[in-house]
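>
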Amino acid sequence: MFGQILIYVAFGLSVLSGIFYLIAKKNNNLLKVGRYAYYLMTGVMLAISMYLLSNILSHNFQMTYIWEYSSTTLPLNLLISTFYAGQQGSFLLWGLMLTLIGFFLIPYLKERNYESITMGIFVFVIAFILLILIFKGPFDYVWQTYAGQGVKEGFMPKEGRGLNPILQNYWINIHPPTLFLGYSLMTIPYVFAISGLLKKDYRRWIRLALPWTLLASAVLGLGLMMG
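Numbering (this note's numbering), first residue to last: 304 to 530.
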């Protein structure tokens, strides 16, 4: 399964990036390896997301996740929302948002000499989400999910079960992504706090984390108000 292989690759790159970041300290060469591994992981995360979305849009009901949440009768906006309608897709969206946020976090940390430990912890948060996707990903086929029920390999359902009627509202295109963006941004104050403890820098991390904390609170608060 191409999608599941990509998840393994992203997980491997996240662990590699995290290890090199944590052992780098002030070694620029090791920092670069950690950084490049992170950039490669980001590319793989985008590929995973595009692969799932392309299968959703092409109504590939061979995939259990797509069969459970999608159907040919859904309009485009609701069809796209099935990407994160289930648990597996929600974790993928969460991991993708975390990864993209890292692109803005890296230059911020580089300028303030806080990149090594902070990004190491941040990457391992992403690795934990990818580990969940390894065990429960969105790319299982229906004949794998229902192997004990006589479903033959290669079977293609004619129609999907469709999106829960309660979720068939334009807010599903706005509310969940805003919430997950808020969740992802809330990771940054956490990694700053852990970095401050490890570096025995008990005051400076608060000032560095403050803009991110305010942004995370604003986005998550907006998502909660939408709910």
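All C-beta atoms in this analysis are idealised placements derived from N, C-alpha and C, irrespective of residue type, glycine included.
Report the rounded CA-to-CA distance for Gly463 versus Thr448, giving the unit in angstroms.
For the purposes of this step, residue 463 is taken as residue 160 along the sequence shown, with counting starting at 1. For the purposes of this step, residue 448 is taken as residue 145 along the sequence shown, with counting starting at 1. If I take the Cα positions, the gap works out to 15 Å.
> What residue range does the alpha helix (DSSP H) around Ile383 cover?
Reading the sequence shown from its first residue, position 80 is the one you call residue 383. Ile383 -> alpha helix (DSSP H) spans Leu379 to Ser384.
> Evaluate Arg338 with the Cβ neighbour count: other Cβ atoms within 10 Å of its Cβ, from every protein chain shown; 16 or more gives buried, anything less gives exposed.
For the purposes of this step, residue 338 is identified with residue 35 of the sequence shown, where counting begins at 1. Classification for Arg338: buried.
> Based on Cα-Cα distance, which residue from Asn472, Thr376 and Leu333 lies nearest to Ile420?
Working through the sequence shown from its first residue, we reach residue 420 at position 117. Nearest of Asn472, Thr376 and Leu333 to Ile420, Cα basis: Leu333.
> Compare the beta carbon distance of Met348 and Thr402 with 8 Å and say whether it is the shorter of the two.
On the sequence shown, residue 348 is found 45 positions in, with the first residue counted as 1. On the sequence shown, residue 402 is found 99 positions in, with the first residue counted as 1. Yes, Cβ-Cβ distance for Met348 and Thr402 is below 8 Å.
> According to DSSP, what are the bridge partners of Tyr354?
Indexing the sequence shown from 1 puts residue 354 at position 51. Bridge partners of Tyr354: none, in fact.
> Can you round the beta-carbon distance between Ser317 and Met344 to whole angstroms, since I take them to be within the 8 Å contact cut?
For the purposes of this step, residue 317 is taken as the residue at position 14 of the sequence shown. For the purposes of this step, residue 344 is taken as the residue at position 41 of the sequence shown. About 5 Å; that satisfies the 8 Å criterion.
> From what residue to what residue does the alpha helix (DSSP H) around Trp515 run?
For the purposes of this step, residue 515 is taken as the residue at position 212 of the sequence shown. Unbroken alpha helix (DSSP H) run through Trp515: Arg507 to Met529.
> Report buried or exposed for Asn467, applying the criterion of at least 16 other Cβ atoms within 10 angstroms of its Cβ.
The residue labelled residue 467 in the question sits at position 164 within the sequence shown. So Asn467 counts as exposed.
> Kindly identify the DSSP beta-bridge partner or partners of Met366.
Locating residue 366 in the sequence shown gives position 63, where the first residue counts as 1. Partner(s): Tyr444.
> Let me confirm a value: Glu418 is counted as buried when at least 16 other C-beta atoms fall within 10 Å, else exposed. Which label applies?
Stepping through the sequence shown from its first residue, residue 418 is reached at position 115. Burial call: buried.
> My output table needs one value for Ile477: the three-state DSSP class, helix, strand or coil.
Here residue 477 refers to the residue found at position 174 of the sequence shown. Three-state result, Ile477: coil.
> With 16 other CB atoms within 10 Å as the buried threshold, where does Pro441 fall?
Counting from one through the sequence shown, the residue named residue 441 turns up at place 138. Buried: at least 16 other Cβ atoms inside 10 Å.
> Can you give the beta carbon distance from Phe305 to Leu433, rounded, assuming they're within the 8 Å contact cut?
Translated into positions along the sequence shown, residue 305 becomes position 2. Translated into positions along the sequence shown, residue 433 becomes position 130. With 8 Å as the limit, Phe305 and Leu433 do not qualify as a contact, their Cβ atoms being about 16 Å apart.
> Could you check if Asn476 is buried or exposed, using at least 16 other CB atoms within 10 Å of its CB as the buried criterion?
As a position in the sequence shown, residue 476 is number 173, starting the count at 1. Its Cβ having fewer than 16 others within 10 Å, Asn476 is exposed.
> Would you mind working out which of Ser498, Trp508 and Pro480 sits nearest Leu525, comparing C-alpha positions?
The count along the sequence shown starts at 1 and reaches residue 525 at position 222. Measuring from the Cα of Leu525, the nearest candidate turns out to be Pro480.
> If we call anything under 8 Å between Cβ atoms a contact, is Met370 one with Val445?
Translated into the one-based positions of the sequence shown, residue 370 becomes position 67. Translated into the one-based positions of the sequence shown, residue 445 becomes position 142. Just to set this straight, residue 370 is Trp in the shown sequence, not Met. Yes, the Cβ-Cβ distance between Trp370 and Val445 is below 8 Å.
> Output the boundary residues of the alpha helix (DSSP H) element that contains Ser393.
What you label residue 393 is simply residue 90 of the sequence shown in a count that begins at 1. Element bounds for Ser393: Gln390 to Glu414.
> Between Gly457 and Leu319, what straight-line distance do the alpha-carbon atoms span, to the nearest angstrom?
Numbered from its first residue, the sequence shown carries residue 457 at position 154. Numbered from its first residue, the sequence shown carries residue 319 at position 16. Distance between the alpha carbons of Gly457 and Leu319 is about 36 Å.
> Give the single residue among Val426, Gly389, Gly392 and Ile497 whose Cα lies nearest to the Cα of Ile404.
Here the question's residue 404 lines up with position 101 in the sequence shown. Closest by alpha carbon: Val426.
> Express the C-alpha separation of Leu355 and Arg415 in angstroms, rounding to a whole number.
If you number the sequence shown from 1, residue 415 lands on position 112. If you number the sequence shown from 1, residue 355 lands on position 52. One C-alpha to the other measures close to 37 Å.
> In whole angstroms, give me the CA-to-CA distance for Phe495 and Ala350.
Counted from its first residue, the sequence shown places residue 495 at position 192. Counted from its first residue, the sequence shown places residue 350 at position 47. About 29 Å.
> Which stretch, first to last residue, makes up the alpha helix (DSSP H) that contains Val426?
Translated into the one-based positions of the sequence shown, residue 426 becomes position 123. Taken as a continuous stretch (DSSP letters only), the alpha helix (DSSP H) holding Val426 covers Glu418 to Phe438.
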